[in-house]
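Note sheet for the following structure.
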Amino acid sequence: MTAITDDLVLPPRRFSLWTAIRRNPTIAFGGVLLLALIAVAVVGPSFVGDPFKLSPVNRLRPPSERWWFGTDQFGRDVFTRTVYGARVSLFVGLSVAAFSSLLGLALGLLCGYFRRVDAIVMRVMDGLMAIPSILLAIALITLTRPGLGIVIVAIVIPEVPRIVRVVRAVVLSIRSQPYIESAIAGGTKNAKLLLRHVLPNALAPLIVQSTYVCASAMLIEAGLSFLGAGVPPEVPSWGNIIAQGRTFFQIAPWTILIPGTFLAITVLAVNLLGDGLRDRLDPRLARRL
Amino acid sequence: MTAYIVRRLFATLPVMAVVAIFVFFLIRFAPGDPAAIIAGEDATAEAIAQVRAKLGLDRPFMEQFVIWILQMMQGDLGVSIFSNLPVSRLIVQRLEPTVALTLSTLFVAVALAIPIGVLAAWKARKLVDRLVMGFAVLGFAMPVFVLAYILIYFFAVQWQLLPVQGYRPIAEGLWPFVESLILPSVALGVTYMALIARITRASMLEVLAQDYIRTANAKGLATDRVLLLHALKNAAVPIVTVIGIGIALLISGVVITETVFNIPGLGRLTVDAVLKRDYPVVQGLILVFAAAKVLVNLIIDISYAFLDPRIRY
Amino acid sequence: MLKRIFAAALALAIPFTPVQAQEKVLKAVMHADVRVIDPMWTTQTIANIHGMLVYDTLFGNDAQMKPQPQMVGKYDISPDKLTYTFTLRDGLKFGDGTPVTTKDVIASLKRWGRKDGVGIRLMSFVDKLEAVDDKTFRMVLTKPYGMVLESLGKTNSSVAVIMREKEAMTDPQQQVKESIGSGPFNFAKDQWVPGSKAVYVKNPHYVPRPGNEPPSSFAGTKFAGVDRIELQWISDPQTAMSALINGEIDFFEAPSIDFLPILEKAKGVKLMKTGTLDSTHGMIRLNHLHPPFDNPKARQAMYHLINQEDFLRAIVGNPAYYRVCHGLITCGSPLANDGGSAMLKDYNPKKALQLLKEAGYKGEPITILQATDHVTITPATQVLIQAMREAGINVDAQAMDWGSVVSRRAKKDPPAQGGWNIFVTTTGGVGSANPVLHTWIGAACGKGLFGWPCDAKIEELRNAFAFAQSDEERKKIATELQTRAIEQVVYIPFGQWTVPLAYRADRIEGIVPNTGLAVLWNIKKK
Amino acid sequence: MNAAAGNILEVRDLQTQFNTLDGVVRAVDGVSFDLTRGETLGIVGESGCGKSVTALSILRLIPPETGRITAGSIRFEGEELTTLGEEAMKRLRGHRISMIFQEPMTSLNPVLTVGTQIAENVVRHLDVSWRAARERAREMLDLVRIADARRRLDEYPHQLSGGMRQRVMIAMALSCDPQVLIADEPTTALDVTIQAQILQLMLELKEKTGTAIVLITHDLGVVAETTERVVVMYAGRKVEEAPVEALFAEPLHPYTRGLMRAIPRLDIEADAAGRRPRLQEIPGLVPRLTQPIVGCAFAPRCGFATERCRTAPPPLVDAGSGHTVACWEVDRVRASAL
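Chains as they are written, first to last, in my numbering: chain A, 1 to 289; chain B, 1001 to 1313; chain C, 2001 to 2526; chain D, 3001 to 3338.
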């Protein structure tokens, strides 16, 4: 992802990291933070212990040298679980962003091309958008047994309409350009033509939108877990750590505050990255929000 | 105008139809046999079949659908599997807390966020602005439930200033009512405030760079008139749009906030129903929430006309 | 400007300020939410608490577990112990004002006798249940069954409450729609918000036992001490605790043990221990219908996975409130014994897998119903899953809320088709103290409780117990029964614990330390 | 050009600078001029020469985040404006000094009615009720010859044509009878026919009200038709100032000459073949204002430039009868043909 953004962001002159950072402090800050968290998620688990290791004797111990982030009500090490939690949260966030972007792109293109498809798909999208996302997600999760995959699907579905709208708007605006209209009227292979013009134009808003989707997906996942409708309770996701710790908040606040802070920082990093990219890639959008 | 409103009302029908179809299929694709759940812990096969017949689940698909739509139109949302009470009754008795919480959050958030956003735009790049933006970015990343527990810990547990939990209907007195809503509203409202403050600032910044603001300043108008009338009214359309989008966010947040603060509203009903696989209730709630959201969108659309004379119908 | 707004707000507030101060309201948070209002239909404890507020029973068991007459004024047992003649107290009325007659009683007992395990058993010895007149009825037995009064007075599992004939005619497999009884309180159904609160108002037609007998558990004179009881549901025990400390509620039935130190320090709050019998027992239930646990060897293998201390520490933490109990009959109760307990003491996970394999287990997934929202069952299940995984057993943990566990555990289908292999639950120490009332120890095959253990010997022993004539004989049968039940693995116990209840001593008084159920009659507001 | 009591506005050595990413821009770099009561003064120059910034500086409307007046003095009726408090300044704006802007399409607030926008000015500065202010607004609309004024009061800017909007701007600016009206390119964005009407209107109103006007424009034609005295600016500096007839009779600065060659002239008769002199552009570009300019700013584009021009800034010299010019080579320029 970083490779793509670099291509888009940087002016075609000689690359200077320092200039790039100075010009886009939010992208740099958000990006570095996110990379650090991804690094934790990827390699972290191999350096820490077993997140499932129970130790009932050591329940609800406060943070100390032995348990950096304390222990939870089963005596599990909160630090270890938090590190594993990064993996779950980021995995959910990134996969939701990826899947909803792809699905949204495909549907958006279809809608832009075919008027009949457009009418149907957009009605369905309107309907989906009318249902609050967390509600839609928990309703979908109830349809089947909870699991990471289901959670991702359940978050993707409410996010797709947002992406479809963005892509469709780009397609329609390009479609109405006189040269495209005349080309279509002339019977050229409109699909190819359109795609060549649509993709580059849709990419910027798509990337920006998908960062927001990523951030919101992580929050929704945590919310779902908190409500008991998320990933299975034994999976050490931040939402689960918080959900299980909430009963002990007054005597063991670390079980909520630490994963909560991590979640907030991760969402913050992704949001900053999104804000920066938006300012950079899509000034029109930037002025709007 | 009336014609426009009527037209827009009709335009909501397909949306609600999509929601209704979705909701109908929800129960049909649900795992486990709802009839078995209804029939009870150790029901016989005949008992289950009986319940199934009573629910009409043994009829052809299309017939079920038609019956269901007809019932819905009469306001009959079915009967809860667990409490054996009509879904519409469950929803109605839970309506007040949710509406109170949503509206109080909405008003407080809007009343605080817009001035904050205006202030930030006015003092762009100054300390105030940086603080506001910092708050906005943080507020946006803060999970509602974490914030809620922090608030409870300090305001209710440590300092015992406000109730820990619960909802007091307005009939029990204004202060108990307000008191019970302060912490939930704040917890729920922070993200929302962040969102509105951000858009207000951005929108105001754009407007403040416009020629007509220079004109207003050239007239020597007082700063508040320039900011709050000349600039804010122009900045209003995106702000109102985001307020509308944010209401969806609020509804999602309500589900969590009500759980944390033990408020007997629709949000808690939703969570309970979902966790108990009480499908008729889930169905009814999705319909109600979707209808609320569609209604909000409608109101937002109509409000554009009042905010911007250039928008015509 | 601000001042003006403030003044306006105040002016608005004045007409609203409390007007209902005269009404005495008891606000209580119980361990669960009242969702089912039929204490016969369900075995949920909370439904029994509801039931005991609204309904009355013929007999009430006292703190020593001896049945004492409650609705019954006088009764007579024939010398051959086959004919029981009961006469209702004078003037008993239901909440709607209609008198209680033997028609209502007989219909209620019949319904209960078709639903409750103990009731079914009792009815199997009943030859005739007939009204003598409106107030007197007769129960004629085929055999001298020794547990008649205990059964009628028991308050665990399904309770033999007396409802109006109209409701008592409801199919026992269906819930009653109205909850109208002759107990001290009326259920205000119109104010019931499932998932949030249940409201009870003083029953004006209630007739307490005369003579002001000192209350002892479910026996003695009971009365409505307040005008209104609100059972609020706060699912998070921490929130409920804070609400109690903050004075938002008066009574909290099930504080979390972790919070007891906070509660002990809180101003105005007192804790009350409710007696040794009033304990909770943890049990792991295996499904005897499906592999691998259709094989007793596989079931016994599971014993080696269970270290009770692990469970108890995870659930309870503070050893002051828990007790390891290597038996199925409540430790500390008169019938407690060590029959078969050696099998429960051999903690050895390696051996467990070894034995499982010997029993034919080949690593198939074992489906565990994992409750996610239960104060004690959730951590207990977690510990179990962990223990099984560490031993190398393939666990398929199905996470769901407790309510879903309750409905799913009733399914006899194979695990792959929506059934299950293991679930964890708890039971009360009162019931478990008596082999007949202790339904989980039964092995009545398909008719028994979920897990469906099937063993004729166990049932025979339970039968024999019911007919035992002396305490010595009872003890002997209990030991034999426990030994056999442990061999058959009707369930795996993981200890027992007692959580004190917490209340605002500065606001309420008169709590009757009930065993088994926290019942709120006789409580007065200060 | 003595500081007579007739001067209502005196600008001395005004410097206004902007901070940009590329450095400090000296948009106005030591400009001085006077405005007498009831006079019409033109300020001309190419875009970017600092004329609009000068106007905004007088009203202190330079956006404070980016720019500020760094030196000089602005006296209005003897009162120093550069140090005046913001509140007092606000009382001045729209009341005693008004301004109208180039873009009538964007200078009116799109979401407020015309009536409100005029009336609020009146209410702000004169002690009158909203009702009276509205009546005043209607009068003003009549005055600027907008038909059906009462109805127009309740209309929004988007319902009016460009010319009408500029009339509204004028009505708004004059609604409190200001002593000075600063008009920044008031007609540039309008059709030619409308331009003439608006200019005509401004002159008429000036006659009626006695308001002094500072007319900022790049259009020498407009200057010739409407102003009495002209200040020519280049690169943030004043290069020439003269009564309008004198300037057109004999422009002394090469830049002024360049400007004049760039406009079509009808007063010069065509030759026998019907040809008129070709329009000429001034070669070269306006210098970047981020670097300090050594010498004459126009030197790089000037046909008369000498070494001295490139090294030392030319002082303003009096060329007689109120005509001043900043050019080392003024004699050579004067000697050359126009």
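The beta-carbon is built from N, C-alpha and C at its ideal position, and this holds for glycine as well.
Taking 8 Å as the threshold, the shortest C-beta distance from Met3140/D to chain B does not fall below it.
The three-state secondary structure of His2438/C, taken from DSSP, is coil. When rounded, the separation of the alpha-carbon atoms in Ile3198/D and Met3140/D is 14 Å. With contacts defined as CB atoms closer than 8 Å, Tyr2206/C and Pro2172/C fail to qualify as a contacting pair. Non-local C-beta neighbours of Val1128/B in its own chain, meaning closer than 7 Å and more than five positions away in sequence, comprise Leu1119, Ala1120, ordered along the chain. Between Val3231/D and Ile3100/D, the CB-CB gap reaches or exceeds 8 Å. For Leu1229/B, the nearest beta carbon of chain C is not closer than 8 Å to its own beta carbon. The C-beta of Val2316/C has 16 or more other C-beta atoms within 10 Å across all chains shown, which makes the residue buried. According to DSSP, Ala3132/D shares a beta bridge with no other residue.
Excluding five sequence positions before and after Pro2415/C, the CB atoms of its chain that fall closer than 7 Å to its own CB belong to His2290, Thr2367, Asn2421, given in chain order.
Ala3171/D counts as buried, since at least 16 other C-beta atoms from the protein chains shown sit within 10 angstroms of its C-beta. When the beta-carbon positions are compared, Gly2181/C and Gly2095/C come within less than 8 Å of each other. Gln1071/B is positioned such that its CB atom lies no closer than 8 Å to that of Ile2234/C.
Under the criterion of beta carbons closer than 8 Å, Gly75/A and Arg59/A qualify as touching, at roughly 5 Å.
With contact defined as three or more Cβ pairs closer than 8 Å, the stretch 3124–3143 of chain D and the stretch 1243–1254 of chain B are not in contact. In the three-state reduction of the DSSP assignment, Leu3059/D falls in the coil class.
Across the set Gly2446/C, Asp2190/C, Leu2141/C, Gln2370/C, the C-alpha of Leu2141/C shows the shortest separation from the C-alpha of Lys2081/C. For the pair Ile38/A and Leu273/A, the CB atoms are not nearer than the 8 Å cut-off.
Contact with chain A is absent for Ile2257/C, since none of that chain's Cβ atoms lies less than 8 Å from the residue's Cβ.
Residues of chain B with a Cβ closer than 7 Å to the Cβ of Arg2035/C are, in chain order, Phe1082, Ser1083.
Within chain A, Ile131, Pro132, Leu135 have C-beta atoms less than 8 Å from the C-beta of Phe1289/B, given in sequence order. It is roughly 25 Å from the alpha-carbon of Asp2127/C to the alpha-carbon of Asn2061/C. Residues of chain C with a Cβ closer than 8 Å to the Cβ of Arg1268/B are, in chain order, Gly2195, Ser2196. If you draw a straight line from the Cα of Leu1151/B to the Cα of Phe1135/B, it is about 16 Å long. Check the Cα spacing between His3323/D and each of Ile3213/D, Leu3247/D, Asp3184/D: the tightest is with Leu3247/D. Annotation for Glu2165/C: the continuous alpha helix (DSSP H) segment containing it runs 2165–2168. By the 16-neighbour rule on beta-carbons within 10 angstroms, Ser89/A is buried. Distance from the CA atom of Gln2044/C to the CA atom of Asp2338/C, rounded to whole angstroms, is 29 Å. Put simply, the CB of Leu1208/B is far from chain A, with every gap to its CB atoms at 8 Å or more. If you look at Glu2390/C, you'll find it in the alpha helix (DSSP H) that goes 2377–2390.
Contacts with chain D at 8 Å (Cβ-Cβ) include Tyr1212/B.
If you keep only unbroken beta strand (DSSP E) runs of at least 3 residues inside the stretch 2234–2310 of chain C, you get 2269–2272, 2280–2286. The closest CA to that of Ala3312/D, considering only Leu3112/D, Gly3162/D, Phe3298/D, is found on Phe3298/D. In the structure shown, the three-state DSSP call for Leu3041/D is strand. Counting only unbroken stretches of 3 or more residues, no beta strand (DSSP E) element lies wholly within the stretch 1226–1272 of chain B. The residue among Gly2051/C, Pro2255/C, Ala2387/C with its C-alpha nearest the C-alpha of Glu2178/C is Gly2051/C.
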